[in-house]
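Asks: Okay, here's the structure, questions in a sec.
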Amino acid sequence: MGRKTVLVPDLGGAESVDVIELTLSNGDKISEEESILVLESDKATMDVPSPVSGSLIKYLVSEGDSVSVNDPIAEIEIEEPNTDELTDHQKVSLPKLENPKSEEISETPILDEAASIEVEKLTAENPKDNILDPNVDAKIDDLNYKNVHAGPAVRLLARDLGLDLSRVSGSGPKNRITKDDVNDFVKHHLSDQLRSQNQASISSIPQIDIPDFDKFGENDISQMTKIQKITSANMQKNWLNVPHVTQFDYADITDLEEFRDSNKTESIKRDIKLTPVAFILKAVAISLRENPEFNRSLLGDNESFTQKKYINIGMAVNTEKGLVVPVLKSVDEMGVWDLASSIAVMAAKARNGKLLPSDMQGGCFTVSSLGAIGGHGFTPIVNSPELGILGVSKSQIMPIWNGSEFEPRMMLPLSLSYDHRLINGGAAGKFLCNVVHLLSDLRAMIL
Numbered sequence: 001m002g003r004k005t006v007l008v009p010d011l012g013g014a015e016s017v018d019v020i021e022l023t024l025s026n027g028d029k030i031s032e033e034e035s036i037l038v039l040e041s042d043k044a045t046m047d048v049p050s051p052v053s054g055s056l057i058k059y060l061v062s063e064g065d066s067v068s069v070n071d072p073i074a075e076i077e078i079e080e081p082n083t084d085e086l087t088d089h090q091k092v093s094l095p096k097l098e099n100p101k102s103e104e105i106s107e108t109p110i111l112d113e114a115a116s117i118e119v120e121k122l123t124a125e126n127p128k129d130n131i132l133d134p135n136v137d138a139k140i141d142d143l144n145y146k147n148v149h150a151g152p153a154v155r156l157l158a159r160d161l162g163l164d165l166s167r168v169s170g171s172g173p174k175n176r177i178t179k180d181d182v183n184d185f186v187k188h189h190l191s192d193q194l195r196s197q198n199q200a201s202i203s204s205i206p207q208i209d210i211p212d213f214d215k216f217g218e219n220d221i222s223q224m225t226k227i228q229k230i231t232s233a234n235m236q237k238n239w240l241n242v243p244h245v246t247q248f249d250y251a252d253i254t255d256l257e258e259f260r261d262s263n264k265t266e267s268i269k270r271d272i273k274l275t276p277v278a279f280i281l282k283a284v285a286i287s288l289r290e291n292p293e294f295n296r297s298l299l300g301d302n303e304s305f306t307q308k309k310y311i312n313i314g315m316a317v318n319t320e321k322g323l324v325v326p327v328l329k330s331v332d333e334m335g336v337w338d339l340a341s342s343i344a345v346m347a348a349k350a351r352n353g354k355l356l357p358s359d360m361q362g363g364c365f366t367v368s369s370l371g372a373i374g375g376h377g378f379t380p381i382v383n384s385p386e387l388g389i390l391g392v393s394k395s396q397i398m399p400i401w402n403g404s405e406f407e408p409r410m411m412l413p414l415s416l417s418y419d420h421r422l423i424n425g426g427a428a429g430k431f432l433c434n435v436v437h438l439l440s441d442l443r444a445m446i447l
C-alpha cells in the first residue's frame, strides 16, 4: 500500500489557521473527499477533504495547533498503489482563505503587522527591552546564539522578524523553540507597541479609564472570541471614519402578513419558511436598483467613488461566537421563494460556523433585523465601504388614520443609517420611502 501526505493548501495570504477538530481516528477508513479535519480562520471554518480513498495512518497535527501553507497534516494509506503518486505529497484543493476585503469585518494578523513595522519605531530607551534587535545579525554568529535550540525554519522566521532567539523560551522537547514560541513571544511583546501605534492615529479620542472592578464585588474575566475582536475593531473603525445619519419610518405590512399567512400551505409544501426578511431584502434590492447612489463606495482617495452594477445584500446574523454578515448575491434577480430558501441556508451556515470567506464578501448594502427580539428602533452602524444599512425592529399593531377613522394596522419600524459623505438627506428619504412603499403594497414589487 502507498502513502499520501496531506499538506495544508494555499491559504490565500493568511499567515496561519487553527486546527479545531480531528474528524477521524488512526486506522479509520476514509473515502475520497471525506473530511479529514476542520480548520478555522478568523471568521470561518472549513473541512479539509481527503484526496484519496484509504485509511488514516496518523495525524501529524493536534487540535489547537496553528498550521501554515505546506505544513503536513496527515498521512493516508491509499487503497490501490499508484507508482506515479507514491513519491508525491498531495495538496488538497480548498476554498482560499482570501485576505478579507474592506467591505467585510476584517483583522490583520499580528505577524503581518509586526513584519511591516519599522525597527526604529520599536526600539525602546533600554536596548535590553528591544524586540527587533538591530544587532541581531551579529548575534546570530555569537556562541550563545548558536547554542539556541531551534530548527532552520524557526531561525529563518526569527531572522526575518529581526528577533533575537536567545530571548525566547522554548516549549518543545528539551526546551526546543518552535514557531508557536516565536509567534507567542512577538504577540506578547509587540502588543503594547501595536496598540500605541493604533492609538496614535486616534490620539484626539480620550481613553476610557478602567477601574478595578474587584473593589465592587466578584468578577470573572473572559477573552473575546476572534469574531468578537474583529467586530469590535471594525465597528470602532466605521464609527470613527463614517459620518453617520439615521432616518426612521414605519412600513404598513398588514397586507404582507396576510399574504404570508395565506401561503402557509405552500410554505409547508416547499419546506421553506417565508419570513418577512425575504420581502425586506427584495424591497431593498429593488430600491438599490431604483436609487443607484446607494450602491456606491467611496474610494481610498476620498475624491472618487465606484458605481456597482450588481446587487448583493449582507444579512447580519448573531451567532454564539459573535456577529457575522453573510452576503446574498444577485438578490435583485431572485424571486421571494428562492430568496427565503437562500436566507435559511446562509443563516444555518452562519450559526454552525460553516461560512466560507467568499460567503462574506462583495456586499453592497446590509440589513440587520432585530424583529424577533423586540424594540421600537435602533441606529445601526454602516458596514463601510458600503454606504447604507437598514435596521428592522419588531412590528406591532398601531392605530392608523385612514381619512375617516383610526384602524388597526401592522406597522414595521425601519431605521436607515447612511454615509453622509456620499448620501444626502433627500436621497436617503427617497430610498427609505421606496422601501416603505414596496413593503406596504406587494403589487409594487412585481411592477
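Each residue of the sequence shown is one higher than the one before, starting from 1 at the first, in full-length UniProt numbering.
For each residue, glycine too, the CB sits at the ideal point set by N, CA and C.
So what does DSSP say about Val6, is it helix, strand or coil?
Replies: Three-state DSSP puts Val6 in a strand.
Asks: Output yes or no for whether 8 angstroms exceeds the beta carbon distance between Pro243 and His420.
Replies: Yes.
Asks: Please work out which residues of its chain come closer than 7 angstroms, Cβ to Cβ, to Met154, disregarding the five sequence neighbours upstream and downstream, and give them in chain order.
Replies: Note on residue identity: the sequence assigns Val, not Met, to residue 154. Closer than 7 angstroms at the Cβ level, and outside the excluded window around Val154, lie Ile177, Thr178, Lys179 and Val182.
Asks: I'd like to know whether the C-beta atoms of Ala427 and Ile343 end up nearer to each other than 8 angstroms.
Replies: Against a cut-off of 8 angstroms, the Cβ pair of Ile343 and Ala427 comes out as no contact.
Asks: Restricting to Cα atoms, I'd like to know which of Ser304, Gln361 and Asp255 is closest to Val324.
Replies: It is Gln361.
Asks: Where does Lys229 sit, in a helix, a strand or coil, going by DSSP?
Replies: Three-state DSSP puts Lys229 in a helix.
Asks: Who are the near neighbours of Asp65 in its chain, counting only those whose CB is closer than 6 angstroms to its CB and skipping five residues on each side?
Replies: Counting only Cβ-Cβ distances below 6 angstroms, and skipping sequence neighbours, we find Val19.
Asks: Can you tell me which of Leu56, Gln247 and Glu40 puts its alpha carbon nearest to the alpha carbon of Asn26?
Replies: Nearest option by C-alpha distance: Leu56.
Asks: Looking at the secondary structure, which residues open and close the alpha helix (DSSP H) in which Ala283 lies?
Replies: From DSSP, the alpha helix (DSSP H) with Ala283 extends over Pro276 to Glu290.
Asks: Excluding the 5 residues flanking Asn24 on each side, which residues of the same chain have their C-beta closer than 7 angstroms to its C-beta?
Replies: Note that residue 24 corresponds to Leu in the displayed sequence, not to Asn. Counting only Cβ-Cβ distances below 7 angstroms, and skipping sequence neighbours, we find Ile30, Ile36 and Leu56.
Asks: Beta-carbon separation of Leu281 and Pro385 under 8 angstroms?
Replies: Their beta carbons are not under 8 angstroms apart, which means Leu281 does not touch Pro385 by this criterion.
Asks: Enumerate in chain order the residues of its own chain whose CB-to-CB distance from Ser171 is below 6 angstroms, with the five nearest sequence positions on each side excluded.
Replies: For Ser171, where only same-chain residues beyond five positions count, the Cβ hits under 6 angstroms are Asp181.
Asks: Report the residue ranges of all alpha helix (DSSP H) runs contained in full by the region 146-181; include only those spanning at least 4 residues, in chain order.
Replies: Runs of the alpha helix (DSSP H) inside the region 146-181: 152-161.
Asks: Pop quiz: Ser417 and Gly391 are said to be a contact at Cβ under 8 angstroms. What is the actual Cβ separation, rounded to whole angstroms?
Replies: Right, their Cβ atoms sit about 7 angstroms apart.
Asks: Tell me which residues share the same chain as Ala350 and place their Cβ nearer than 7 angstroms to its Cβ, disregarding the 5 neighbours each side in the sequence.
Replies: Cβ within range, chain order: Val317, Thr319, Val324 and Pro326.
Asks: So, is Gly151 buried or exposed, given that buried needs 16 or more other C-beta atoms within 10 angstroms?
Replies: Exposed, because fewer than 16 other Cβ atoms sit within 10 Å of the Cβ of Gly151.
Asks: Tell me where the alpha helix (DSSP H) around Glu258 begins and ends.
Replies: Run containing Glu258: Thr254 to Ser262, per the alpha helix (DSSP H) assignment.
Asks: Rank Ser62, Asp164 and Met398 by C-alpha distance to the C-alpha of Leu22 and give the top, closest one.
Replies: Out of Ser62, Asp164 and Met398, Ser62 has the C-alpha closest to the C-alpha of Leu22.
Asks: Could you tell me the distance, in whole angstroms, from the CA atom of Ile272 to the CA atom of Leu438?
Replies: Rounded to the nearest angstrom, the two C-alpha atoms are 22 angstroms apart.
Asks: Where Val345 and Glu33 are concerned, what is the direct C-alpha to C-alpha distance, given to the nearest angstrom?
Replies: In a straight line, the C-alpha of Val345 is about 22 angstroms away from that of Glu33.
Asks: Check whether the region 262-270 and the region 236-253 are in contact - that is, three or more C-beta pairs closer than 8 angstroms.
Replies: No, because fewer than three Cβ pairs between the region 262-270 and the region 236-253 fall closer than 8 angstroms, the two stretches do not touch.
Asks: Look up Glu75 in the DSSP assignment and say whether it is helix, strand or coil.
Replies: Residue state, collapsed to three classes: strand.
Asks: Cα separation between Asn312 and Gly162?
Replies: Those two C-alpha atoms are separated by around 44 angstroms.
Asks: In the DSSP assignment, find the unbroken alpha helix (DSSP H) run with Met346 in it and report its ends.
Replies: Where Met346 is concerned, the enclosing alpha helix (DSSP H) stretches over Val336 to Arg351.
Asks: Run through DSSP, which three-state label would His189 get?
Replies: Residue state, collapsed to three classes: helix.
Asks: Restricting to Cα atoms, I'd like to know which of Val336, Leu387, Arg409 and Ser393 is closest to Gly374.
Replies: Taking only the C-alpha atoms, the option nearest Gly374 is Ser393.
Asks: Since I believe Met315 is in contact with Val382 (beta carbons under 8 angstroms), could you give me their beta-carbon distance rounded to a whole number of angstroms?
Replies: At roughly 15 angstroms, the Cβ-Cβ gap does not stay under 8 angstroms, so Val382 and Met315 are not in contact.
Asks: Start and end of the beta strand (DSSP E) containing Val17?
Replies: Counting along the chain, the beta strand (DSSP E) containing Val17 begins and ends at Val17 to Leu22.
Asks: Which class does Thr265 belong to by DSSP, given the choice of helix, strand or coil?
Replies: Thr265 falls in the helix class under three-state DSSP.
Asks: Since Val242 is in the alpha helix (DSSP H), which residue starts that stretch and which ends it?
Replies: It is not in any alpha helix (DSSP H) - Val242 carries neither H nor E in the DSSP assignment.
Asks: Can you give the beta carbon distance from Val294 to Leu412, rounded, assuming they're within the 8 angstroms contact cut?
Replies: For the record, residue 294 in the displayed sequence is Phe; it is not Val. No, Phe294 and Leu412 are not in contact; Cβ-Cβ is about 20 angstroms, not under 8 angstroms.
Asks: From the DSSP secondary-structure annotation, give me the bridge partner or partners of Gly362.
Replies: In the DSSP output, where bridge partners are listed per residue, Gly362 has none listed.
Asks: Quick check: the Cα distance between Asn434 and Lys237, rounded to an integer number of angstroms?
Replies: So the alpha carbons of these two residues sit roughly 30 angstroms apart.
Asks: Should Met224 be labelled buried (16 or more other beta-carbon atoms within 10 Å of its own) or exposed?
Replies: The residue is exposed, with fewer than 16 neighbouring Cβ atoms inside 10 Å.
Asks: Would you call Arg296 buried or exposed, if buried means 16 or more other Cβ atoms sit within 10 Å of its Cβ?
Replies: Per the 10 Å Cβ criterion, buried.
Asks: Is Val331 helix, strand or coil by DSSP?
Replies: Helix, per DSSP.
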